[in-house]
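Heads up: the structure comes next, in structure tokens.
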DNA sequence: TGCGGCTATTG
DNA sequence: CACAATAGCCGCAG
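Numbering (this note's numbering), first residue to last: 3 to 587.
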């Protein structure tokens with residue numbers, strides 16, 4: 003029931019037992035609104051954050067937040083929530099796509115047409131708002147949409163509005179719950195929704211905590227590859243020119259080629275008698291002996307990349323004076339719902355990994371999932387023979403035996419099947435896969451067929467993978483077919499990659515929760531790898547905890563065990579290391 | 001200035 | 001050189 007702002011926050015929260023949803027809004031000025039089924043309260047600074055932190059510890063509600071930005075505002079004040087319901091994260095699970103504004107979330111959840119979404123009309127000379135009728139006082143329009151002014155920031159203009167914004171968040175979460183209940187497997191989708199929400203909390207923390215990185219080591223690696231730090235712009239130009247000259251001195255005298263232009267590099271290679279379809283490194287590698295220019299060019303490429311993407315600019319922009327590499331994290335980017343990160347956190351060259359060093363008195367516990375995608379395929383398809391093969395530490399060994407081929411061929415074939423390869427060695431072994439694992443292969447092929455004709459897919463965990471409409475413009479039959487085939491490969495892979503991402507994230511947030519008592523912090527999530535930063539004294543306990551979390555999550559996640567059948571086995575290689583580059587073990 | 005293509009890096 | 005991602009630079013259209 004609506005009681006308006008001013009209800010005592012403590013008494014509201016006292017009545018909330020662990021589990022129920024509690025709307026939570028943080029205004030730019032630090033005021034906090036809390037909404038339960040019993041009413042709404044607004045807490046003004048300076049006690050607002052402390053009140054939330056205490057409620058999180060003592061009552062343990064599942065906080066409904068509009069998006070990761072609420073979590074970020076709280077983390078900035080030192081408040082790390084245990085449980086959340088992130089409306090954007092759940093919206094992406096339910097509907098796919100990348101919408102994140104509250105107006106769209108609200109409309110989609112209420113089944114309102116989004117092409118009639120209210121737009122914020124900036125006031126101008128000819129369209130003065132009528133002060134007599136303050137229509138914007140209400141958050142919801144007559145048609146049931148969220149008013150654009152509110153979405154655009156008017157929600158924060160008064161205590162009453164902040165309170166209303168928290169109440170609306172709670173309303174929307176309850177609406178999302180009913181939508182989840184209509185999905186094919188509501189129980190599993192609910193677990194996904196909760197994990198995806200917790201991932202947003204983790205993302206907010208990853209962005210603030212950063213990855214420990216030794217600036218001195220990083221600088222020396224960059225210096226070795228790209229030269230000294232330029233003193234000024236002229237020096238930078240001189241270094242670039244010198245780098246270019248090392249290649250161009252192998253070119254015909256007087257010629258002018260821009261090494262940064264692939265077309266001109268192709269021309270340059272032609273001048274020395276080398277004809278290539280493109281100038282990618284793997285192609286040029288074979289021609290390294292043919293001309294000193296090719297070798298010089300490949301060396302140049304390495305140095306140029308280090309100088310541009312991971313050079314001093316990168317160091318200055320993303321590595322703080324406290325020795326932390328920080329980027330922005332997304333809990334479910336891309337259609338399949340993997341985590342993504344900026345600042346090179348997900349594609350840091352192996353060359354730079356020696357710079358990722360635990361702070362003194364700490365170590366990293368590094369955990370790598372083994373062969374996650376074929377194991378996930380076994381789980382989501384329920385193929386009994388493939389499930390049986392997951393009992394092995396290296397599941398490609400039994401797969402090779404089943405197929406009557408060597409291990410390398412079995413691995414290429416399995417990856418080819420999951421990626422949609424139709425040519426080469428993998429394609430030949432495909433028939434063997436279809437014979438040995440008909441259920442798994444049909445799972446992939448039916449996903450492929452659906453995606454080809456533009457039918458949306460839903461992952462094992464319930465995420466909608468939107469396929470978009472086929473482009474039927476004036477293109478040739480051949481082009482249309484190749485686009486359809488590409489959609490098919492995308493869809494087939496999204497079902498495996500997406501489910502793997504869901505399992506990984508449940509693992510990551512379980513480690514986050516369980517790590518608190520050990521001062522163990524997740525500092526990097528890398529699709530199938532977790533890096534946990536922990537005090538020396540707790541290293542052993544943390545390593546055991548990470549393993550236990552995986553077994554727990556896998557047990558809950560893989561359904562066949564629950565049904566009394568054989569279970570899919572998941573394994574993780576755990577190492578306790580001082581530096582990310584250190585050998586495993 | 002925005003966008004597609006090419007290239008390199010990672011899982 | 002299949003599936004996914006971020007990121008930088010070039011060349012071209014507007």
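Glycine residues also receive a C-beta, built at the ideal position from the N, C-alpha and C atoms.
Near residue 55, what residues of its chain come up, given a Cβ to Cβ distance below 7 Å and the 5 sequence neighbours on each side ignored? 81
Taking just the CA atoms, how far does residue 68 sit from residue 118? 22 Å
When 581, 557 and 290 are compared against residue 572, the one with the closest alpha-carbon: 557
Figure out for me which residue from 192, 157 and 457 has the closest Cα to the Cα of residue 93. 192
Return the CA-CA distance between residue 376 and residue 103, expressed in angstroms with no decimal places. 36 Å
Which residues share a DSSP beta bridge with residue 371? 574
Which class does residue 216 belong to by DSSP, given the choice of helix, strand or coil? coil
Grab the span of the beta strand (DSSP E) containing residue 100 for me, first residue to last. Element bounds for residue 100: n/a, residue is neither H nor E.
So, at 7 Å on beta carbons, what are the nonlocal neighbours of residue 354 in its own chain, with the 5 sequence-adjacent residues on each side left out? 220, 223 and 312
Does the distance from the CB of residue 65 to the CB of residue 86 come in under 8 Å? yes
Please classify residue 333: does DSSP put it in a helix, a strand, or coil? Note: residue 333 maps to strand in three-state DSSP.
Report the partner residues of residue 58 according to the DSSP bridge assignment. Paired residue(s): none; residue 58 is not in a bridge.
Since residue 466 and residue 97 should fall inside the 8 Å C-beta cutoff, what is the C-beta to C-beta distance between them, to a whole number of angstroms? 6 Å
Sequence ranges, alpha helix (DSSP H) only - wholly within the segment 69-94, length at least 4: 70-78
Residue of 539, 206 and 275 minimising C-alpha distance to residue 330: 206
For the pair the segment 479-495 and the segment 443-460, tell me if three or more CB-CB distances fall below 8 Å. yes
Using the Cβ count rule (16 or more neighbours within 10 Å means buried), how would you classify residue 59? exposed
On the premise that residue 89 lies in contact with residue 83, defined as a C-beta separation below 8 Å, what is that separation, rounded to the nearest angstrom? Contact doesn't hold; Cβ gap of about 14 Å is too wide.
Given a threshold of 16 other Cβ atoms within 10 Å of its Cβ, counted over all protein chains shown, does residue 269 qualify as buried or as exposed? exposed
Local conformation of residue 25 per DSSP, three classes: strand
Any 3 or more C-beta pairs closer than 8 Å across the segment 363-371 and the segment 539-549: yes
So, are the CB atoms of residue 238 and residue 181 less than 8 Å apart? no
Can you tell me which of the three DSSP states residue 251 falls into? coil
With a threshold of 16 other CB atoms inside 10 Å of the CB of residue 570, please say whether the residue is buried or exposed. buried
So the candidates are 215, 552 and 153; which of them puts its Cα closest to the Cα of residue 323? 215
Can you check DSSP and say which residues form a bridge with residue 41? 38
Does the structure place the segment 518-527 close enough to the segment 393-401 that three or more beta carbon pairs sit under 8 Å? no
For residue 359 and residue 120, I'd like the C-alpha separation in whole angstroms. 50 Å
Buried or exposed: residue 135, going by 16 or more other Cβ atoms within 10 Å of its Cβ? Low local confidence applies: a pLDDT of 48 at residue 135 is under 50, so the model's placement there is unreliable, with the coordinate-based value given in what follows. Exposed, since its Cβ has fewer than 16 Cβ neighbours within 10 Å.
Own chain, CB closer than 6 Å to residue 383, minus 5 neighbours either side, in chain order: 441, 442 and 445
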